[in-house]
Amino acid sequence: MRIAGYLTLLILVACVSVFIGVKDISVWDIFNPDEEQALILTVSRIPRTLSLILAGIGLSISGLILQQITQNKFVSPTTAGTLDAAKLGLLIAFLWIPQAGLFNRALLAFVFTFAASLVFLNITDRIRHRNIIFVPLVGILFGNILSSVSSFFAYRNNIVQNVNAWLVGDFSSVLKGNYEVLFLSVPAIFITYLYANKFTVVGMGEAFSRNLGLNYRQVVNIGLFCVSVTVSVVVITVGAIPFLGLVVPNIISLMYGDNLRKTLPYTALFGALFLLVCDIAGRLILFPFEVPIGVVVGVVGGVLFLILLFRRR
Amino acid sequence: MIEVKDISRSYGEKIILDEVSVSLPKGKVTSLIGSNGAGKSTLLSIISRLLKQNGGTVLLDSRDIDDYKTRILAQHLSILKQANPLDLKLTVRELVSFGRFPYSQGRLTPVDEEHVDRAIRYLNLQDIAGQYMDELSGGQKQRAFLAMVVAQDTDYILLDEPLNNLDMKHAVQIMKTLRKLCDEKGKTIVMVIHDINFASQYSDFIVALKDSRVAFFDTAERVIVPEVLQKVFDMEFKIVETEGKKICNYY
Chain A
11 MRIAGYLTLL ILVACVSVFI GVKDISVWDI FNPDEEQALI LTVSRIPRTL
61 SLILAGIGLS ISGLILQQIT QNKFVSPTTA GTLDAAKLGL LIAFLWIPQA
111 GLFNRALLAF VFTFAASLVF LNITDRIRHR NIIFVPLVGI LFGNILSSVS
161 SFFAYRNNIV QNVNAWLVGD FSSVLKGNYE VLFLSVPAIF ITYLYANKFT
211 VVGMGEAFSR NLGLNYRQVV NIGLFCVSVT VSVVVITVGA IPFLGLVVPN
261 IISLMYGDNL RKTLPYTALF GALFLLVCDI AGRLILFPFE VPIGVVVGVV
311 GGVLFLILLF RRR
Chain B
-19 MIEVKDISRS YGEKIILDEV SVSLPKGKVT SLIGSNGAGK STLLSIISRL
31 LKQNGGTVLL DSRDIDDYKT RILAQHLSIL KQANPLDLKL TVRELVSFGR
81 FPYSQGRLTP VDEEHVDRAI RYLNLQDIAG QYMDELSGGQ KQRAFLAMVV
131 AQDTDYILLD EPLNNLDMKH AVQIMKTLRK LCDEKGKTIV MVIHDINFAS
181 QYSDFIVALK DSRVAFFDTA ERVIVPEVLQ KVFDMEFKIV ETEGKKICNY
231 Y
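Chains as they are written, first to last, in the working numbering: chain A, 11 to 323; chain B, -19 to 231.
Here it is, written out as structure tokens:
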């Protein structure tokens, strides 16, 4: 399918997403909504759909960039400690500067995420045998260490439940006024696209990049910066969504290859589409209740990922 | 000309290169030979600024390589490392196009496209240009990488064991291409090579490294003699001449 096809599909699914919910709003109401319907649309439904699209694009692209930088298809925000670092940052903000606004909390989450990404990269650089499975295992270990630090502080302050709730991605609480920080991921995604060619070269390794006259360190740092911005704003607004950054880039890579200039738009659109569909499913399965999106993505993504793994053999 | 001046490099206590100096002539094929751990690859990496030396300088056309901007240097000198760990799903043509990266940063101009086409033809890759790298055999892969370097169009081409893992037929193919690049296009080729017979057949000059130093540097003709090789490798050599070509027998 071409880009235009994905785009049309995305718009269609996004429309479907807007019209699903407990309050019945039909397509015709959009032209002549009563006051309540207008309120629900602008305060809840449209922000929700928008944040799904942004998070879907952002997390998929972040996964792809991490995979390029580590030269490992199994690395993603979930398996590189990125999500755990963002969570730790949020917790610290929550404990030490409780009056901090959304933006400041996102900033602290960003600082932690960026630092953790640098540390993770440093660890993988030192691994002698860069085995394809070993690197993400180290990432998961690293993430668990960060997570246990979070648990420690959360336990001492009796907020274990709050912290665990952050971990489970949830779009039902997205409302106008509390999700706008997500738009910070837009410039990050844009920069990623500008650097697409350079990230392809980075994916071929440091020696290869140097041969082609690329400033390797600089491009890696820009990549980590974009990933950290995106992941931290997603975690702070909707929570962690596992597997998305792993499955989407891998599916696109299998279908369209690894030339990022060509495949980046596919990864972005497919990521958004995937998340929207999972969210719709999550809202319909137990209607009028919701299955948290993290669970749906985890199950669908996990199954897809297993299929991918077996097909690679 | 590449002038290596007093280059030293050590890893911890272990000295790999000890004030090595050598001038590699322009427009010739020069092979670096020596036992494992003699410092051949390290020297090649330092010349191509992939590795930093502890002391000494490398001059490329009388200018310190550290004074070149990375991007400009990449238009003069290219390096192909052994075993390029390419896991990425790129087509041959996409890979070759990246050879133009130092010039266009990825946005190919018509001139770049022409270079890419020519490089693909030069290595006879037309038929598989659209295939993904991970579908190719070792020989085809190596040719694709070489095509990328040809597209990069640098005066100096450095190769670290270009024949690694290739069967005889493909090894000969690669060496003939390198010879052609030198003879027809005037490229300077510098390579690390393990097979002494390939070094002897295809190089103009040979640098023999031993114990972190340059043991011998001369024309291939004069290095491929039993006395020299015995000193370099610490083993018996017999040299047989057939049809005017020297073949080393060391088995």
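Glycine included, each C-beta is placed from N, C-alpha and C at the ideal position.
Cα separation between residue 23 (chain A) and residue 218 (chain A)? For the purposes of this step, residue 23 (chain A) is taken as the residue at position 13 of the first sequence. For the purposes of this step, residue 218 (chain A) is taken as the residue at position 208 of the first sequence. Roughly 41 Å separates the two Cα atoms.
Could you name the residues of chain B that residue 207 (chain A) contacts, counting a contact when the two beta carbons are closer than 9 Å? Along the first sequence, read from residue 1 onward, the residue named residue 207 (chain A) stands at position 197. Chain B residues near residue 207 (chain A): 78, 81, 85, 86, 87.
Separation of residue 66 (chain A) from residue 324 (chain A), as counted between CA atoms: Outside the shown range of chain A (11 to 323) lies residue 324 (chain A), about which nothing can therefore be said.
How about residue 97 (chain A) and residue 178 (chain A): do their beta carbons lie closer than 9 Å? Mapped onto the first sequence, residue 97 (chain A) falls at position 87. Mapped onto the first sequence, residue 178 (chain A) falls at position 168. Against a cut-off of 9 Å, the Cβ pair of residue 178 (chain A) and residue 97 (chain A) comes out as no contact.
Which class does residue 229 (chain B) belong to by DSSP, given the choice of helix, strand or coil? The residue you call residue 229 (chain B) lines up with position 249 of the second sequence. Three-state DSSP puts residue 229 (chain B) in a strand.
At what residues does the alpha helix (DSSP H) containing residue 166 (chain A) begin and finish? Residue mapping note: residue 166 (chain A) aligns to position 156 of the first sequence, counting from 1. Segment 144 to 166, the alpha helix (DSSP H) holding residue 166 (chain A).
State buried or exposed for residue 57 (chain A), treating a residue as buried only when at least 16 other CB atoms are found within 10 Å of its CB. On the first sequence, residue 57 (chain A) is found 47 positions in, with the first residue counted as 1. When all chains shown are included, residue 57 (chain A) counts as buried.
Would a C-beta distance cut-off of 9 Å place residue 144 (chain A) and residue 92 (chain A) closer than the cut-off? Along the first sequence, read from residue 1 onward, the residue named residue 144 (chain A) stands at position 134. Along the first sequence, read from residue 1 onward, the residue named residue 92 (chain A) stands at position 82. No; because the gap between Cβ atoms is not below 9 Å, this pair is not in contact.
Segment limits, beta strand (DSSP E) that includes residue 35 (chain B): Along the second sequence, one-based indexing puts residue 35 (chain B) at 55. Its beta strand (DSSP E) spans residues 35 to 40.
Starting from the N-terminal side, write out each stretch of the alpha helix (DSSP H) that is 4 residues or longer and does not extend beyond the segment 137 to 196 of chain B. 148 to 165, 176 to 182
C-alpha distance - residue 77 (chain B) paired with residue 131 (chain B), whole-angstrom precision: For this step, residue 77 (chain B) is matched to residue 97 along the second sequence. For this step, residue 131 (chain B) is matched to residue 151 along the second sequence. Computed Cα separation, rounded: 7 Å.
Assumed close pair residue 28 (chain A), residue 298 (chain A) - CB separation to whole angstroms, cut-off 8 Å: Position 18 of the first sequence, counting from 1, holds the residue named residue 28 (chain A). Position 288 of the first sequence, counting from 1, holds the residue named residue 298 (chain A). Not a contact, Cβ separation roughly 17 Å.
In or out: residue 14 (chain A) buried (at least 16 other Cβ within 10 Å) or exposed? Counting from 1 along the first sequence, the entry for residue 14 (chain A) is found at position 4. The residue is exposed, with fewer than 16 neighbouring Cβ atoms inside 10 Å.
Can you pull the chain B residues whose beta carbon is under 7 Å from the beta carbon of residue 211 (chain A), in chain order? Position 201 of the first sequence, counted from the first residue, corresponds to residue 211 (chain A). Residues of chain B passing the Cβ test: 78, 81.
Given residue 224 (chain A), which residues of its chain have a CB within under 8 Å of its CB, disregarding the five upstream and five downstream residues? One-based indexing of the first sequence puts residue 224 (chain A) at position 214. Closer than 8 Å at the Cβ level, and outside the excluded window around residue 224 (chain A), lie 208, 211, 212.
Would you say residue 263 (chain A) faces chain B, with C-beta separation under 9 Å as the test? Stepping through the first sequence from its first residue, residue 263 (chain A) is reached at position 253. So yes, residue 263 (chain A) belongs to the interface.
Within the continuous beta strand (DSSP E) that includes residue -2 (chain B), where are the two ends? If you number the second sequence from 1, residue -2 (chain B) lands on position 18. Per DSSP, residue -2 (chain B) belongs to the beta strand (DSSP E) from -6 to 4.
Output the distance between the C-alpha atoms of residue 142 (chain B) and residue 28 (chain B), rounded to the nearest integer angstrom. The sequence position of residue 142 (chain B) within the second sequence is 162, counting from 1. The sequence position of residue 28 (chain B) within the second sequence is 48, counting from 1. Their Cα atoms are separated by approximately 16 Å.
Would a check of beta-carbon distances place residue 327 (chain A) closer than 9 Å to chain B? This structure leaves residue 327 (chain A) out entirely; chain A is present only between 11 and 323.
Give the residues of chain E in contact with residue 271 (chain A), contact being defined as C-beta atoms less than 8 Å apart. In the structure shown, chain E cannot be found, because the protein chains are A and B.
Are the C-beta atoms of residue 268 (chain A) and some chain B residue less than 9 Å apart? For the purposes of this step, residue 268 (chain A) is taken as residue 258 along the first sequence, with counting starting at 1. Yes, residue 268 (chain A) counts as interfacial toward chain B.
Closest Cα partner of residue 288 (chain A) within the set A:272, A:266, A:311, A:270: The sequence position of residue 288 (chain A) within the first sequence is 278, counting from 1. For residue 288 (chain A), the nearest C-alpha among the options comes from A:311.
Is DSSP giving residue 221 (chain B) helix, strand or coil here? Position 241 of the second sequence, counted from the start, is the residue given in the question as residue 221 (chain B). Strand, per DSSP.
Beta-carbon proximity of residue 197 (chain B) to residue 209 (chain B), cut-off 9 Å: Locating residue 197 (chain B) in the second sequence gives position 217, counting from the first residue. Locating residue 209 (chain B) in the second sequence gives position 229, counting from the first residue. Against a cut-off of 9 Å, the Cβ pair of residue 209 (chain B) and residue 197 (chain B) comes out as no contact.
Our contact map puts residue -3 (chain B) next to residue 19 (chain B) with C-beta atoms below 8 Å; I'd like the distance itself, whole angstroms only. As a first step, residue -3 (chain B) is located in the second sequence; it is residue number 17 there, counting from the start. As a first step, residue 19 (chain B) is located in the second sequence; it is residue number 39 there, counting from the start. Yes, residue -3 (chain B) and residue 19 (chain B) are in contact; Cβ-Cβ is about 5 Å, under 8 Å.
Say whether chain A places a C-beta atom closer than 9 Å to the C-beta of residue -15 (chain B). Within the second sequence, residue -15 (chain B) is the residue found at index 5, counting from 1. By this cut-off, residue -15 (chain B) is not an interface position.
Stretch pair the segment 178 to 190 of chain A + the segment 118 to 138 of chain A: three plus CB contacts closer than 8 Å: no
Between A:305, A:243, A:214, A:242, which has its C-alpha nearest residue 229 (chain A)'s C-alpha? Locating residue 229 (chain A) in the first sequence gives position 219, where the first residue counts as 1. Of the listed residues, the one whose Cα sits closest to residue 229 (chain A) is A:214.
By the criterion of Cβ-Cβ separation under 9 Å, what are the contact partners of residue 30 (chain B) in chain A? Counting from one through the second sequence, the residue named residue 30 (chain B) turns up at place 50. The contacting residues are 216, 217, 220, 221.
So, residue 112 (chain A) versus residue 102 (chain A), is the Cβ gap smaller than 9 Å? Position 102 of the first sequence, counted from the first residue, corresponds to residue 112 (chain A). Position 92 of the first sequence, counted from the first residue, corresponds to residue 102 (chain A). Contact flag unset, no.
Should residue 186 (chain B) and residue 3 (chain B) be called a contact, given that it needs their Cβ atoms to be closer than 9 Å? Locating residue 186 (chain B) in the second sequence gives position 206, counting from the first residue. Locating residue 3 (chain B) in the second sequence gives position 23, counting from the first residue. Taking 9 Å as the Cβ cut-off, residue 186 (chain B) and residue 3 (chain B) do not qualify as a contacting pair.
For the alpha helix (DSSP H) that contains residue 83 (chain A), what are its first and last residues? Looking up residue 83 (chain A) in the first sequence gives position 73. Per DSSP, residue 83 (chain A) belongs to no alpha helix (DSSP H) and is neither H nor E.
Just the chain B side, please: which residues come within less than 9 Å of residue 225 (chain A) by C-beta, in chain order? For the purposes of this step, residue 225 (chain A) is taken as the residue at position 215 of the first sequence. Those within 9 Å of residue 225 (chain A) in chain B are 50, 51.
Is the segment 68 to 84 of chain B touching the segment 51 to 59 of chain B in the sense that three or more CB pairs, one from each, lie closer than 8 Å? yes
Under 8 Å, with one C-beta from each stretch per pair, do the segment 145 to 163 of chain A and the segment 258 to 268 of chain A reach the 3-pair mark? no
Go to residue 257 (chain A), then tell me how far its alpha helix (DSSP H) extends in each direction, as first and last residue. Here residue 257 (chain A) corresponds to residue number 247 of the first sequence, with the count starting at 1. From DSSP, the alpha helix (DSSP H) with residue 257 (chain A) extends over 254 to 266.
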